[in-house]
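Worksheet: the structure to be examined is printed underneath.
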Amino acid sequence: MSPDRAEVVVDLDAIIHNVALAIERVDPARVWAVVKAGAYGHGDVAVARAALAAGASGLCVATVDEGERLRAADIDAPVLLLSQQSHRLAARIVAARLTPTIHDRAGLEALVDAGARQLPVHLKVDTGMQRVGVRPDGLAELVAAVAGLAPALQLEGIYTHLAVADLTEHPGTGEQLARFDASLGELDLDGVMIHAANSAGALAHPSSRRDLVRLGIAMYGLSPGDDLTAEDLGLRPALTLRARVGHVKQVEAGSSISYGWRHSFDRATTVATIPIGYADGVPRRLSALGGAEVRCSSVASAIQWSASSPWIN
Ligand SMILES: Cc1ncc(COP(=O)(O)O)c(C=O)c1O
Numbered sequence: 070m071s072p073d074r075a076e077v078v079v080d081l082d083a084i085i086h087n088v089a090l091a092i093e094r095v096d097p098a099r100v101w102a103v104v105k106a107g108a109y110g111h112g113d114v115a116v117a118r119a120a121l122a123a124g125a126s127g128l129c130v131a132t133v134d135e136g137e138r139l140r141a142a143d144i145d146a147p148v149l150l151l152s153q154q155s156h157r158l159a160a161r162i163v164a165a166r167l168t169p170t171i172h173d174r175a176g177l178e179a180l181v182d183a184g185a186r187q188l189p190v191h192l193k194v195d196t197g198m199q200r201v202g203v204r205p206d207g208l209a210e211l212v213a214a215v216a217g218l219a220p221a222l223q224l225e226g227i228y229t230h231l232a233v234a235d236l237t238e239h240p241g242t243g244e245q246l247a248r249f250d251a252s253l254g255e256l257d258l259d260g261v262m263i264h265a266a267n268s269a270g271a272l273a274h275p276s277s278r279r280d281l282v283r284l285g286i287a288m289y290g291l292s293p294g295d296d297l298t299a300e301d302l303g304l305r306p307a308l309t310l311r312a313r314v315g316h317v318k319q320v321e322a323g324s325s326i327s328y329g330w331r332h333s334f335d336r337a338t339t340v341a342t343i344p345i346g347y348a349d350g351v352p353r354r355l356s357a358l359g360g361a362e363v364r365c366s367s368v369a370s371a372i373q374w375s376a377s378s379p380w381i382n
């Protein structure tokens, strides 16, 4: 994307602010920064460095590729893969010193076969998300399997993922945590890190904080759910998408605009067109929803549009 047309601007100071705020809120739990999917589109390496500089203790990614990108950038911090990977990737996980999440015994054995030596692993328990993870009643057996594969593997963490933490009054979070605690039961887990919270859990459900929280959306300064505004939480949005006004024209009352003529003007109007659209990843259906939330601070100057056209955020 040419900066002359449109660009994404990421404010790393906002990332640092949001991580520092979360660290203070969840203390003594640690913060691990979720930088999967290119740090939610913000740029994984830069965000990872900022989060670590702000005090994050580890990083979380979704894929082996993402973890390898961090290692290639000389990032040395622990990098947790958030779900079990294909066995074909075990050798790459071992080589890049990524921390695998494991749901079953075969996943453990694939790592040992790939030459793992003292590799930390985290076990994921499915307490209600119903996507991935070992069933609560299978956890004890999996913990024993890790112990049986020492010293190749070392149990570093056990966690679950909350499905409705963003709905602050929903009883499901308490139910998931109760199932999680029951699965941990009488296990001897001295020194094993226990974790459950995503952003919403970390900020709205203190009982979910445990030893660490996996902070994603809140680190980017966005609300983790309808019940929690970013502003109230003190978060600062890190990303600005902005485009230069490319054209300004007057349209008559009663005329309609753009694909589908979905919007009609009830009065004569000035239209500023910005050269960014669905080829850039802006969903076309936003127009049916009334458009993106746009801060048109520059519209007044757009009306006097000239060669040095203004930016619209
Ligand atoms: C297992 C796990 N933990 C934590 C997160 C971070 O969630 P959030 O962005 O809501 O903080 C994710 C995100 O997808 C995840 O998959």
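Residue numbers (my numbering): 70 to 382. Beta carbons: idealized from backbone N, C-alpha and C, even for Gly. Just so it is clear, the structure is predicted and the values come from calculations on it, not from any experiment.
In or out: residue i buried (at least 16 other Cβ within 10 Å) or exposed?
{"i": "T339", "result": "exposed"}
{"i": "V103", "result": "buried"}
{"i": "D182", "result": "exposed"}
{"i": "E101", "result": "The residue you asked about is not Glu; residue 101 is Trp in the sequence shown. Result: buried."}
{"i": "Q154", "result": "buried"}
{"i": "Q187", "result": "exposed"}
{"i": "V78", "result": "exposed"}
{"i": "K318", "result": "exposed"}
{"i": "T298", "result": "exposed"}
{"i": "Q199", "result": "exposed"}
{"i": "P275", "result": "exposed"}
{"i": "Y228", "result": "buried"}
{"i": "R166", "result": "exposed"}
{"i": "G329", "result": "exposed"}
{"i": "H111", "result": "buried"}
{"i": "D73", "result": "exposed"}
{"i": "A376", "result": "Confidence is the limiting factor: at A376 the pLDDT is only 38, short of 50, which leaves the residue's position unreliable, though a coordinate-based value still follows. Exposed, because fewer than 16 other Cβ atoms sit within 10 Å of the Cβ of A376."}
{"i": "D235", "result": "buried"}
{"i": "A125", "result": "buried"}
{"i": "H332", "result": "exposed"}
{"i": "E135", "result": "buried"}
{"i": "A159", "result": "buried"}
{"i": "A361", "result": "With a pLDDT of only 48 at A361, under the threshold of 50, the placement of this residue in the model should not be trusted; the figure read from the coordinates follows. It counts as exposed."}
{"i": "R353", "result": "exposed"}
{"i": "G226", "result": "buried"}
How far does the beta strand (DSSP E) with residue i in it reach, from first residue to last?
{"i": "R311", "result": "L308 to R313"}
{"i": "V104", "result": "From DSSP, V104 is part of no beta strand (DSSP E); its letter is neither H nor E."}
{"i": "V340", "result": "T338 to T342"}
{"i": "V49", "result": "Residue coverage of the chain in this structure runs from 70 to 382, which leaves residue 49 outside it and unanswerable."}
{"i": "V190", "result": "L188 to K193"}
Bridge partners of residue i, per DSSP?
{"i": "M262", "result": "G226"}
{"i": "L281", "result": "R99 and H264"}
{"i": "Q319", "result": "T339"}
{"i": "A75", "result": "A312"}
{"i": "V203", "result": "V194"}
{"i": "H332", "result": "I326"}
{"i": "G294", "result": "L297"}
Please report the residue range of the alpha helix (DSSP H) in which residue i lies.
{"i": "T242", "result": "G241 to L253"}
{"i": "H86", "result": "L81 to V95"}
{"i": "G127", "result": "Premise fails: G127 lies in the beta strand (DSSP E), G127 to V130, not in any alpha helix (DSSP H)."}
{"i": "R140", "result": "V133 to A141"}
{"i": "V212", "result": "L208 to G217"}
{"i": "L177", "result": "R174 to D182"}
{"i": "V114", "result": "D113 to A122"}
{"i": "A159", "result": "A159 to A164"}
{"i": "D301", "result": "A299 to L302"}
Taking the alpha-carbon positions, what's the residue i to residue j distance?
{"i": "L308", "j": "A273", "result": "23 Å"}
{"i": "A248", "j": "A141", "result": "Per the sequence shown, the amino acid found at residue 248 is Arg instead of Ala. C-alpha separation (whole angstroms): 39 Å."}
{"i": "T196", "j": "D145", "result": "31 Å"}
{"i": "A75", "j": "G315", "result": "10 Å"}
{"i": "L139", "j": "A337", "result": "53 Å"}
{"i": "L222", "j": "V201", "result": "21 Å"}
{"i": "F334", "j": "D349", "result": "26 Å"}
{"i": "I326", "j": "R311", "result": "22 Å"}
{"i": "R99", "j": "A119", "result": "16 Å"}
{"i": "V267", "j": "V148", "result": "Reading off the sequence shown, one finds Asn at residue 267, where the question assumed Val. Between N267 and V148, the C-alpha separation is close to 16 Å."}
{"i": "R94", "j": "K193", "result": "25 Å"}
{"i": "A122", "j": "S277", "result": "25 Å"}
{"i": "V320", "j": "I345", "result": "20 Å"}
{"i": "H388", "j": "R204", "result": "No information on residue 388 is available, as it lies outside the stretch 70 to 382 that the chain covers here."}
{"i": "N87", "j": "Y289", "result": "7 Å"}
{"i": "D113", "j": "A179", "result": "28 Å"}
{"i": "L246", "j": "A265", "result": "8 Å"}
{"i": "G217", "j": "L224", "result": "11 Å"}
{"i": "K105", "j": "L151", "result": "9 Å"}
{"i": "L231", "j": "L90", "result": "21 Å"}
{"i": "P169", "j": "I286", "result": "22 Å"}
Any contact of the stretch 72 to 86 with the stretch 253 to 260, i.e. 3+ C-beta pairs under 8 Å? no
I want to know whether the stretch 198 to 211 touches the stretch 166 to 186 - three or more CB-CB distances under 8 Å. yes
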